[in-house]
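Reviewing the structure listed below.
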Amino acid sequence: MKKITAKELTNEEKARLVIGKNTWHNEDLGGKVPVFMMSDGPVGVRHPRDVNSATSDTAPSIAYPCFEALSQTWNLELANKLGKAIANDCMDLDIDVILGPGVNIKRLPINGRNFEYLSEDPLLAGLLAKSYIEGVQNENVGACLKHYCCNNTESSRNYKSMDVSTRALREIYLKPFEIASKAKPWEVMCSYNLVNGCRMSENKKLYNILRNEFGFDGLIVSDWGAVMDREKSLNAGLDLEMPYSKEHLDDLLNKIKEDQIDLDQLNTCAQRVIDFAFKAENTRPLRKKTLSTEDRYDIAREIANEGIVLLKNENNVLPLNPKEERLLVSGAPLNWYVYGGGSSEVTPLKEYVKLLDALKEEGFNAKGANALEFNRGPVSCVGNLVGALNQTIKENITTSIVTISQDNWEQSEGYNRQNLLLSNEQVSLIHEVAKVSKKTVVIIYAGAPIEMGEWIDEVDAVIWASYTGEKGNESIAKILSGKVNPSGKTSETFPLLLEDFDSINAYEDARSCVYEEDLNVGYRQFVTDNTPVLFPFGYGLSYSNFEYDNLKLSKEDKKVIVEFDVTNTSNIDGKEVAEVYVEDLTRVTYRPKYELKGFEKALIKAKQTKHFRIELGEDAFQYYSTSYDKWTVNHGVFKIMVGKNCLDIELEENIEY
Ligand code: GLC
Numbered sequence: 006m007k008k009i010t011a012k013e014l015t016n017e018e019k020a021r022l023v024i025g026k027n028t029w030h031n032e033d034l035g036g037k038v039p040v041f042m043m044s045d046g047p048v049g050v051r052h053p054r055d056v057n058s059a060t061s062d063t064a065p066s067i068a069y070p071c072f073e074a075l076s077q078t079w080n081l082e083l084a085n086k087l088g089k090a091i092a093n094d095c096m097d098l099d100i101d102v103i104l105g106p107g108v109n110i111k112r113l114p115i116n117g118r119n120f121e122y123l124s125e126d127p128l129l130a131g132l133l134a135k136s137y138i139e140g141v142q143n144e145n146v147g148a149c150l151k152h153y154c155c156n157n158t159e160s161s162r163n164y165k166s167m168d169v170s171t172r173a174l175r176e177i178y179l180k181p182f183e184i185a186s187k188a189k190p191w192e193v194m195c196s197y198n199l200v201n202g203c204r205m206s207e208n209k210k211l212y213n214i215l216r217n218e219f220g221f222d223g224l225i226v227s228d229w230g231a232v233m234d235r236e237k238s239l240n241a242g243l244d245l246e247m248p249y250s251k252e253h254l255d256d257l258l259n260k261i262k263e264d265q266i267d268l269d270q271l272n273t274c275a276q277r278v279i280d281f282a283f284k285a286e287n288t289r290p291l292r293k294k295t296l297s298t299e300d301r302y303d304i305a306r307e308i309a310n311e312g313i314v315l316l317k318n319e320n321n322v323l324p325l326n327p328k329e330e331r332l333l334v335s336g337a338p339l340n341w342y343v344y345g346g347g348s349s350e351v352t353p354l355k356e357y358v359k360l361l362d363a364l365k366e367e368g369f370n371a372k373g374a375n376a377l378e379f380n381r382g383p384v385s386c387v388g389n390l391v392g393a394l395n396q397t398i399k400e401n402i403t404t405s406i407v408t409i410s411q412d413n414w415e416q417s418e419g420y421n422r423q424n425l426l427l428s429n430e431q432v433s434l435i436h437e438v439a440k441v442s443k444k445t446v447v448i449i450y451a452g453a454p455i456e457m458g459e460w461i462d463e464v465d466a467v468i469w470a471s472y473t474g475e476k477g478n479e480s481i482a483k484i485l486s487g488k489v490n491p492s493g494k495t496s497e498t499f500p501l502l503l504e505d506f507d508s509i510n511a512y513e514d515a516r517s518c519v520y521e522e523d524l525n526v527g528y529r530q531f532v533t534d535n536t537p538v539l540f541p542f543g544y545g546l547s548y549s550n551f552e553y554d555n556l557k558l559s560k561e562d563k564k565v566i567v568e569f570d571v572t573n574t575s576n577i578d579g580k581e582v583a584e585v586y587v588e589d590l591t592r593v594t595y596r597p598k599y600e601l602k603g604f605e606k607a608l609i610k611a612k613q614t615k616h617f618r619i620e621l622g623e624d625a626f627q628y629y630s631t632s633y634d635k636w637t638v639n640h641g642v643f644k645i646m647v648g649k650n651c652l653d654i655e656l657e658e659n660i661e662y
């Protein structure tokens, strides 16, 4: 198809170009412009059978572990592999752009779609997203970085203004987009909400930062239904409204007739849509599958293996020996696929692997008891609990496994949770089982933290399974048997109580959400005000034991080189995530006590020592100055810390910078 320019089109044709043709495609003007298709979602292709609808009737595709699980791997290579796998799934279904990754910061643990996002920390979120985008786009499929920006709550998301300071915006909420934009995503999707009183579909100032400072040169597309005024959004630089809106097209055409539209701006946006359409058209022939379906399932398994977090392992009760154990598994999610709700929901490609089957496959003598029938939001339906307890005693069960879940009625796009509580029935199941069991292991299928204070002291081990996709139970069974050594670490704070979060106590009503906690998001608050937490950011147990030593700091130009050794003193090969935090000891303005500025994950074989070398660039020392309106280093003394998590600092040393 010969490439055209917007100038060759009528204004009416340009108007049609800047609004989608239907739910998932662009307008092609009767063949003048190529058609491209976009589809959700970040962890599995959600290809609607009816391309004019957005229902959950979607073609089966691999359901990967959710983004919370991916982020808990702290493994950038795996993020890249997930992108590559998803791109191959897109090729199966002729999709040009996958609508992911989502990088919004987890400011509120009750936010409904936190399972779809990556972290409370902008560096971890940004680097994972950048790797994912590179993985997708290396396969000549497009990625869509979303939701720009401050989509940090689902409650009345279309109407609420996120009122946030310039520093918090720059240092926390824009930062993941700044980092991920280095991967040149084909698209950025604007969010539904307002920021400081300006709707994100009309936010020229933040679009200019995205384009002129972050170097984004792709298409700015609206979230589906996020445009309220097509003229204002056009003037701000929003290139493509999705989905089709007859009302907005008619309005645009009428305003063109009345000479009310900035025709240069219309031309600019229409040209970007044309350029994008031809880019998709010209890239399509370059695509060729690089991963078989089984290869992709292997990537899903790797993410589950490394994204599951061992939160508690009292007296090293885990791993279990399949030859010696008699397991009884009870809990609602025993029998079906548990996932977060909304646009990231995927119809699994194959039969969901149930935990009981996975345990038997792993060689365990395992039985199931229907102590709980099912969960529906904040209530669960009790089953034959008494029978399960009697069976535990009568059959001399050696270890009870209790499966707990928050499913897609509780964690979902479109609304927030009201609290971090489990249903009463699930809590009592844990209490009752723990009372009669020799050992109790709780496995939690959820995509965002829950409170555990009521019962955690009564059980021996807790495995945070996240939403591990259609094959995740295979990984859980392998972690229980020790075939997989857990290496996941939390990417957000697990609080003792929801109310411990300053952000929860900040002012919010139907019209505005005031980010009163400012820079103190997540662990930034807790390491600064010393509020105790259940599990800190960056925390996770292993079957190995790692010791840190020999910290050495050096400088190369504007870089600080952080070198140290980690020794695996156990007899089990294991992977460790080493985290580097920086504190500005001579700061001239407020800064959180310290912040994550580097990390690396490595396999360290039994009894071996691995030398780590992590480079910190100038950005690791900067803060955004609103006096100079730019990133600034206050030269002075900085403390460099190396930790297993944000509270367990193993090594530290000061350096002048
Ligand atoms: C949804 C989501 C967005 C998704 C889009 C298309 O409402 O906010 O993440 O990609 O609409 O389904």
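According to the working numbering, the sequence shown is numbered sequentially starting from 6.
Heads up, the beta-carbon is just placed ideally off N, CA and C, and yes, glycines get one too.
Taking a 10 Å sphere around the C-beta of V102, we find 16 or more other C-beta atoms and assign the residue as buried. Taking the Cα of Q431 as reference, the smallest distance to any Cα among K443, W29, L608 and Y450 is reached at Y450. Taking a contact to require three or more Cβ pairs closer than 8 Å, the segment 538 to 552 and the segment 565 to 577 qualify as touching. If you check the CB distance, H253 and E263 do not come in under 8 Å. With a cutoff of 7 Å, D62 does not count as near ligand 1, since its C-beta is closer than that to no heavy atom of the ligand. Within the same chain, and ignoring the five residues on either side of C386 in sequence, the residues whose Cβ sits closer than 6 Å to its Cβ are E378 and F379. A Cβ-Cβ separation of about 5 Å places A173 in contact with D523 under the 8 Å criterion.
Exclusion of S428 from the 7 Å shell around ligand 1 follows from its C-beta lying no nearer than that to any non-hydrogen atom of the ligand.
With a 10 Å radius around the Cβ and a threshold of 16 neighbouring Cβ atoms, T631 comes out exposed. Residue environment for T15: exposed (fewer than 16 other C-beta atoms within 10 angstroms of its C-beta). For the options I177, P190, N429 and Q416, the alpha carbon positioned closest to that of G140 is the one of P190. The nearest non-hydrogen atom of ligand 1 is 7 Å or more from the C-beta of L245.
Not one heavy atom of ligand 1 is found less than 7 Å from the C-beta of E159. If you ignore the 5 residues before and after P353, its C-beta comes within less than 7 Å of the C-beta of P65, A68, Y342 and E475, all in its own chain and listed in chain order. Within the model, the alpha-carbon separation for S76 versus G345 is close to 16 Å. DSSP places L434 within a helical segment (H, G or I) once states are collapsed to three. The criterion of a C-beta distance shorter than 8 Å is not satisfied by N490 and E584. Of all C-beta pairs linking the segment 263 to 280 to the segment 303 to 322, fewer than three are shorter than 8 Å, placing the two stretches out of contact.
A residue is called buried once 16 or more other Cβ atoms fall within 10 Å of its Cβ, and T445 is buried on that count.
Beta bridge pairing from DSSP links N318 with A466.
According to the DSSP assignment, D97 belongs to the alpha helix (DSSP H) that extends over L81 to D97. If you draw a straight line from the Cα of Q276 to the Cα of M42, it comes to about 18 Å. Secondary structure at G312: helix, using DSSP grouped into helix, strand and coil.
Straight across, the Cα-Cα distance linking E13 with V50 is about 36 Å. V538 sits away from R112, with the two beta carbons spaced by 8 Å or more.
For secondary structure counted as the alpha helix (DSSP H) over 4 or more consecutive residues, the segment 163 to 190 holds these complete runs in sequence order: 180 to 185. In the structure shown, S549 adopts coil according to DSSP, grouped into three states.
The DSSP assignment places 72 to 78 as complete runs of the alpha helix (DSSP H) inside the segment 44 to 80, in order along the chain (cut-off: 4 residues). Along the segment 315 to 382, the alpha helix (DSSP H) occurs as fully enclosed runs of 4 or more residues at 360 to 366, listed in sequence order. Each of F120, K7 and E620 was checked against the Cα of L558, and the nearest Cα belongs to E620. Where D507 is concerned, the enclosing alpha helix (DSSP H) starts and stops at D507 to N510. Rounded to whole angstroms, the separation of the alpha carbons of K635 and P327 is 58 Å. Sixteen is the threshold: when 16 or more other Cβ atoms of the shown chains lie within 10 Å of the Cβ of D126, as they do, the residue is buried.
Taken from the Cβ of K151, at least one heavy atom of ligand 1 lies inside 7 Å. Relative to ligand 1, the beta carbon of S348 is positioned inside 7 Å of a heavy atom.
Residue range K564 to N573 is occupied by the beta strand (DSSP E) that includes N573.
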